[in-house]
Amino acid sequence: MAAQVAQTPPVSTPVTISTRVDQVGMRPLIASWVRGIIAVLIAIVMLIPVIWMGMTAFKPLPDAVSVPPTVFFTPTLEGFVSLFTQRRQLSAEEWEAMKQRTDLSWAEQVMLPRQQTIIGESQFGRQLLNSVIIAGSSTILSVIFAVLSAYAFSRFRVPGKDDLLFFILSQRMLPAVVVTVPIFLMYRQLGLYDTPLGMILLYTSFNLSFAVWLLMGFIDEIPREYEDAALVDGYTRLQAFRKIVLPQAVTGIAATTVFSFIFSWNEYAFALLLTSDNARTAPPSIPLILGTGGIEWSTIAAGSMAFLIPVVIVTFALRRHLLRGVTFGAIRKG
Amino acid sequence: MFKKSIFLTAALVLVAVLSFGMVGAQDISELTIWWAQWSPADFLQQVGNDYEEATGIKVTVVQTPWGDFYNRVGTEWAAQGSSFDMVVGDSQWVGQAVTQGHYVDMTEFMTSTGIAETVTPATLAYYGEYPAGSGSYYAYPTEGDANGWAYRKDLFEDPANMEAFEAAYGYALDVPQTWEQLRDIAEFFYRPDDGLYGIGVYTQDDYDAITMGFQNIFFSYGADWQDGTFNTLGVVNSPEAVAALELYKELYSFAPPGTNDAFFQEMNDVYLNGQAAMIMNYFAFFPVLASDQNPYAESTGYFSMPAGPGGERYAALGGQGISINNYIADDRKDASFAFIEWFAQEDIQRRWAELGGYTCNIAVLESAEFLEIAPYNAAFAETMTFVKDFFNIPEFGRLLEPAQRNLATYVVAGEGDAQTALDQMAEEMDAILVEAGYVQ
Amino acid sequence: MSDTRIVQIFILPTVILLICMNIFPLIYSLFLSFTRFSVISDAPPEWVGLANYQAILTDPRFWNNFAITGRYALVSVALQTIIGFGLAMLLRTKFKGSGILTTLILVPMMLSPIVVAVFWKLIFNPSAGIFNYLLGFTNINTSPEWLGQTDLALWAVVIVDVWMWSPFVMLLALAGLSAIPDYLYEAAAIDRASAWFQFRRITLPQVMPLLLIAVLFRTIEAFKQFDLVMGLTGGGPGDATETVSIRLYKLAFQGQYDTGMSSALAYVILVIIIAVSNLYIRQLNKARG
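Chains as they are written, first to last, in this note's numbering: chain A, 1 to 334; chain B, 1001 to 1440; chain C, 2001 to 2289.
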């Protein structure tokens, strides 16, 4: 199926200046204004949850759960400090004593209104680090493998090419939960359970399927003539690949890198079942930030923010390549 | 040459990754304990910090919310993993963990050091022994716990309320002695227009919350999970059980909105924000109610489970013992034994109790200080005399699933009736017990 | 180095990795699906033939799981298609700031589903959440409990899914719309064709192939859906939102560790996904002509 999708004729460049007869005159101009306003409204609606989360991250606990919800509040860093520490509730006397002390660290002062003292680090810092290591390494590996395969598929006659490509893409259709049981057993046997290496290999294999497709789209667009000319000039295949193709494919490689990273960064099901303490990444632990007194929404929001901000930035950086990325590169122009 | 550099990069990445995964495997300078996420685990972390000061071995308590705790530990068992050295495991787990070989046998350790004699016999039996009466121990009783109630004295003792209650129900408003009275009080305080609700009860269906909440009434009404021969048919769905379930659902109808997925946190939440006149909770969660975080701290009272129609009283057992992971290296096991031996000493247990842990140490429990340390300790001491637990056979996790689902479907989702829910539950439990060979 | 050699060296790592991480597990779980086996106990797998499949296909609870998944997929994908296409129609002609607006609307689909789910729990919360307030329910006693009522919980999941993924449909629809050659509209304008006629005869058929691709991707994703449901409701209340993926997870890991049965269920799900995809692809090829 995917093979057929890929054969869609390249779509023409988007037209930015309308040549349409019906768009001349006042009426369409007003219509475009109305459209703009509606679109702005919808964008606001779409963003309310994200904005709300950003606000909650800076709310003190009572404001985070107040009925009705508060919009104005005094911002605090309680949520962020809670995220990275383990705390203990103080008794009234201990609290009084704490208040008198002048040698409190910055974080302890932030937590003082909660009547809590910091007794250690939380796991979250380490889990974020795991996320960075695992997502980072798997991205590098999958991009390397994918560039090589994509180049081979794009430039050479590979026996059973369509079948192989379909096979690669079909991996993306497997629900994660379906393959976890056997992978779990296999990893237990190989000692890969709860290791960064295990997660890196797994994410690499899942990223590969779309990375190959995405990169193939980009490499297909690089005219073969450049390479042919280089070969005539006495370059070897590999030199041509390195000196001609790679520099031309840089945008594609960048886009693939970022999409692979986002997938590994956001992944939840495998991380939930195949890691426990050593290699646990941030996504399975964010729903577990609950707190011991009441549900600590500001901490949860702080964790979500810390986790989502990189992705939001990347979305902006990437907007030109979004379409290709989300459709496995099956569609050519965005 | 290019090929070389690519493979070199790949190899470098792999090596970096491998070495990262290997770091910190052998040297025992730290111990990891898994427990659920709640205040006692914070207290244990504090005790662990003391241990680091005393011995230089760093103790880390890793906390997971109750709803996911069993799943996480279960997954670790299935993986035969060594992420934790010790786990403070729930009372129901012992059977499964022992039969499937996940816990280290501590019998020799507990008896030779005399530690078995320092804790109350009931807690040793519930938290540490398997099979029942065998004298084989797999855990050191760490946190004794059971369900109790917290209530708003200011509301209960308000003259206007007392008058109105007596006029409506014909008896004085006080701490309920029976479940019927508790129902009346919940109904009486159900005033949604004023933002006040009668009661808070457990409803979460992740792990065992709704079953534990329901069990309090279920046992007190004379019902049980099985008849002694593991037969559930006609037992789980007995008329007493049906009456108990109908009552539980009625109690839930007096609860604040939004408590459809509620466990201890939500109970404390609705109490702290003044929505609930009384809440059920494990005693381990009452310290927050006695702290400055609770605007009603001064006027908060505590009582133990009321009696069923036959005068019987039961409270759902909570509490955990600390066990050693069977899949860790021998030297780590020894280090874990050393920690438990240190932890079981009387003065450490006293420190544990002062911090807010519910020690099982006889000497500490009997001391006058303990009863006075906290306003709820008297109700706790009383409750621990009539505790009862869910199945603790290895199949308890599978048995819990139909209990949780059918209870939540009827009580929270409001589908069907009590009889159908319990009939269904009895049948499903029977199927599991037949398959496991308990019933022919 | 010969070209064949290059091809081999370039493609092998990918293929080997995919075989180890995907094909081997699939074959292994096919074997396990014919056995009685639990990962948590040490007993070896015991061959039981088709018993697991029989149990799944005759158990009304499983059928209920499939029905819930189907309902969820259908409603969710339909709403996403309508909203996403509507958005695309709004944004197809460029105006000042339309580029930045389009990007802002795309933000939800880049976020981590599990984090999104956790956060929507607060938004849906009947007392402290803003969802009910924005809808105008200010009395918390009468306002709906989105995640607590059997009749609403699945809708709540659908709402979050639509919020997250309508932008995806929009993106594809925009690509389709921008590809429609202008002369078609010019010709229609000369013929004085109505706006509706233009939409029905030009816009819709031209954008259809891409819209179908969007629908195909979203349907597959809806059947796979795990993170969002797990984070929002965990399948509850009761089993109101227990989709097949959630059921599979519970069967395979939560308390039960019924590895044999869960492998069989995994295969049933796989077959359904493949069948549904094939149906769509046939439609897609028809639309292409």
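Backbone N, C-alpha and C fix where the C-beta goes; we use that ideal spot for every residue, glycine too.
No experiment lies behind these values; they were computed from the predicted model shown.
Residue(s) in a DSSP beta bridge with residue i
| i | result |
| --- | --- |
| V1061(B) | I1033(B) |
| Q89(A) | Q116(A) |
| V1387(B) | A1315(B) |
| V1088(B) | I1322(B) |
| L1196(B) | R1191(B) |
| G1170(B) | Beta-bridge pairing links G1170(B) to no other residue. |
| G1148(B) | N1281(B) |
| A1079(B) | Answer is none; A1079(B) lacks a bridge partner. |
| A2128(C) | Paired residue(s): none; A2128(C) is not in a bridge. |
| E2046(C) | R2036(C) |
CB contact below 9 Å: residue i versus chain A
| i | result |
| --- | --- |
| A1078(B) | yes |
| S1083(B) | yes |
| T1032(B) | yes |
Under 8 Å from the C-beta of residue i: neighbouring residues of chain A
| i | result |
| --- | --- |
| D2003(C) | F156 and R237 |
| P1287(B) | Q89 |
| N1049(B) | I119 and G120 |
Under 7 Å from the C-beta of residue i: neighbouring residues of chain B
| i | result |
| --- | --- |
| I2040(C) | G1074, W1077, A1078 and Q1100 |
Closer than 9 Å to chain B by CB, residue i
| i | result |
| --- | --- |
| L288(A) | yes |
| T16(A) | Note that T16(A) scores a pLDDT of 47, beneath 50, so its modelled location is shaky; the value from the coordinates is reported in the next line. False, the Cβ-Cβ gap to chain B never drops below 9 Å. |
| L379(A) | Missing from the structure shown is residue 379(A); chain A here goes from 1 to 334 and no further. |
| N2052(C) | no |
Test: residue i CB closer than 9 Å to a CB of chain C
| i | result |
| --- | --- |
| V1412(B) | yes |
| N1216(B) | no |
| V81(A) | no |
| T1420(B) | no |
| G1397(B) | yes |
| T1409(B) | yes |
| E1117(B) | no |
Euclidean distance between Cα positions of residue i and residue j
| i | j | result |
| --- | --- | --- |
| E1401(B) | A1363(B) | 39 Å |
| I2281(C) | L2216(C) | 8 Å |
| K1153(B) | T1300(B) | 6 Å |
| V1119(B) | P2045(C) | 42 Å |
| Y2183(C) | L2087(C) | 24 Å |
| T1359(B) | E1366(B) | 11 Å |
| I2011(C) | L2210(C) | 30 Å |
| G2176(C) | G120(A) | 54 Å |
| N1161(B) | L1173(B) | 8 Å |
| Y1051(B) | I1348(B) | 10 Å |
| E1187(B) | A1241(B) | 22 Å |
| N2065(C) | L2147(C) | 18 Å |
| G2260(C) | A2252(C) | 8 Å |
| N1377(B) | E296(A) | 27 Å |
Cβ neighbours of residue i in the same chain (closer than 8 Å, five flanking residues each side left out)
| i | result |
| --- | --- |
| P284(A) | Y268, A271, L272 and T275 |
Within chain B, the residues that residue i reaches when beta carbons sit closer than 8 Å
| i | result |
| --- | --- |
| W95(A) | D1292 |
| E2145(C) | P1257, G1258 and N1260 |
Sequence-distant residues of its chain with Cβ nearer than 7 Å to residue i (five each side left out)
| i | result |
| --- | --- |
| F316(A) | none |
| F307(A) | A282 and I286 |
| K2286(C) | none |
| A2243(C) | Inspection of the sequence shows that residue 2243(C) is occupied by Thr rather than by Ala. The residues are N2065, I2068, T2069, Y2072, Q2225 and V2229. |
Per-residue contacts from residue i into chain C (C-beta, under 8 Å)
| i | result |
| --- | --- |
| M46(A) | L2104, I2105, V2107, P2108, W2163 and P2167 |
| D1206(B) | G2234 |
Beta-carbon proximity list for residue i, same chain, < 6 Å, skipping 5 on both sides
| i | result |
| --- | --- |
| M1267(B) | G1200, I1279 and N1281 |
| G2129(C) | L2122 and I2123 |
| A2117(C) | L2228, G2231 and L2232 |
| G1067(B) | D1206 and Y1207 |
| L128(A) | A282 |
Partner residues on chain A for residue i, Cβ-Cβ distance less than 7 Å
| i | result |
| --- | --- |
| V1062(B) | Q123 and D277 |
Residues that residue i contacts on chain C, provided the C-beta gap is smaller than 7 Å
| i | result |
| --- | --- |
| R1332(B) | Within 7 Å Cβ-Cβ: nothing; R1332(B) doesn't reach chain C, min ~21 Å. |
Contact list for residue i against chain A, beta-carbon separation under 9 Å
| i | result |
| --- | --- |
| Q1045(B) | Q86, R88, I119 and G120 |
Neighbour list for residue i in chain B, Cβ cutoff strictly below 9 Å
| i | result |
| --- | --- |
| G2148(C) | T1203, P1257, G1258, T1259, N1260, D1261, V1412 and A1413 |
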